[in-house]
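So the structure is just underneath, and the comments pick up after that.
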Amino acid sequence: MKTTHFGITATALSGLVIFLAPATAFLQDDDHREKGHHDNGAEREMPTEGVAVLVPTKGNEVFGTLTLQQQDDHVLVRGKVHGLKPGKHGFHIHQFGDLRDPEGKSAGGHYNPHGTKHGAPDDHERHPGDLGNIEANSEGVAEVNKKAKGLKLHFVLGRSFVVHAGMDDLKSQPSGDAGPRVAVGVIGFAEVKK
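FYI, in mature numbering (1 follows the signal peptide of the UniProt record, and there is no 0) the residues of the sequence shown are -27 to -1, 1 to 167.
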């Protein structure tokens, strides 16, 4: 008898939840709009701009800001990285936006959805996350201006940039032998200024 009663109660409650859920969502959506948030409609435009704030890994002082802009056949990456040793440093998009590990290892390997070999940015076969090197001047600042060819911004949102201690040799497998990670930053949506 208790089992039958429980089943009826659960059915009645689930019907109540189903009935109330759309009404609650409607009220929350109106409240959301009133507070200056964008409409949560089903139609979405593809993202055109992204941003990553680079933070140092444990024991390092490297930091910076990068912007990403979707172009026709590539993503344009621009910005500055500070606190580097003068010279070239491996610069890649990594698989995850997970920055919990103090050394940046939780960001995973290079973004490589097709299982290709590591290479230079202009190589036919390379990871989509292979952006080569950035070069720091005598003051430890690297100006970044790179075209990530064949990349779509919406595929890398939520992933991360990683700056390495050493130069990417553009050939060693699986990741260019660029050494430890000195800075990491999650790629997120950027506010599009109109």
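Yeah, the Cβ is synthetic: ideal placement off N, Cα and C, and Gly gets one too.
Remember, it's a predicted structure, so these values are computed and weren't measured experimentally.
- Annotation for H127: the continuous alpha helix (DSSP H) segment containing it runs L126 to V129.
- Looking at the backbone, the Cα of A115 and that of G56 are separated by about 9 Å.
- Straight across, the Cα-Cα distance linking K122 with V50 is about 11 Å.
- Taking the C-beta atoms as reference points, V159 is found no nearer than 8 Å to T30.
- Taking C-beta separations shorter than 8 Å and ignoring five residues to either side along the sequence, the partners of K53 in its chain run G37, T38, V114, A115, E116 and V117, following chain order.
- DSSP places L57 outside any beta strand (DSSP E), giving it a letter other than H or E.
- Ranked by Cα distance from V135, the options M19, P75, D46 and E22 are led by P75.
- Closest option to G81, judged by alpha-carbon separation, among V24, G131, G161 and N33: G131.
- K53 sits in a strand when the DSSP states are folded into three classes.
- Ranked by Cα distance from N106, the first of G92, E112 and H97 is G92.
- Within the DSSP secondary-structure output, E34 pairs in no beta bridge.
- Between E22 and V129, the beta carbon gap of about 12 Å keeps them out of contact (Cβ cut-off 8 Å).
- Considering only T89, K61, K78 and H62, the residue with the shortest C-alpha distance to F69 is K78.
- Counting only runs of at least 3 residues, the region 60 to 89 fully encloses the following beta strand (DSSP E) elements, listed from N- to C-terminal order: 60 to 67.
- According to DSSP, T40 shares a beta bridge with V24 and R51.
- Judged by their CB atoms, P20 and H97 are not nearer to each other than the 8 Å cut-off.
- Comparing C-alpha distances from H83 to each of L27, D103, L72 and D95 shows the shortest one belongs to D103.
- In chain order, K61 and N106 place their CB closer than 6 Å to the CB of M140, counting only its own chain and leaving out the 5 sequence neighbours on each side.
- Judged by DSSP secondary structure, E116 falls within the beta strand (DSSP E) whose first and last residues are A115 to K122.
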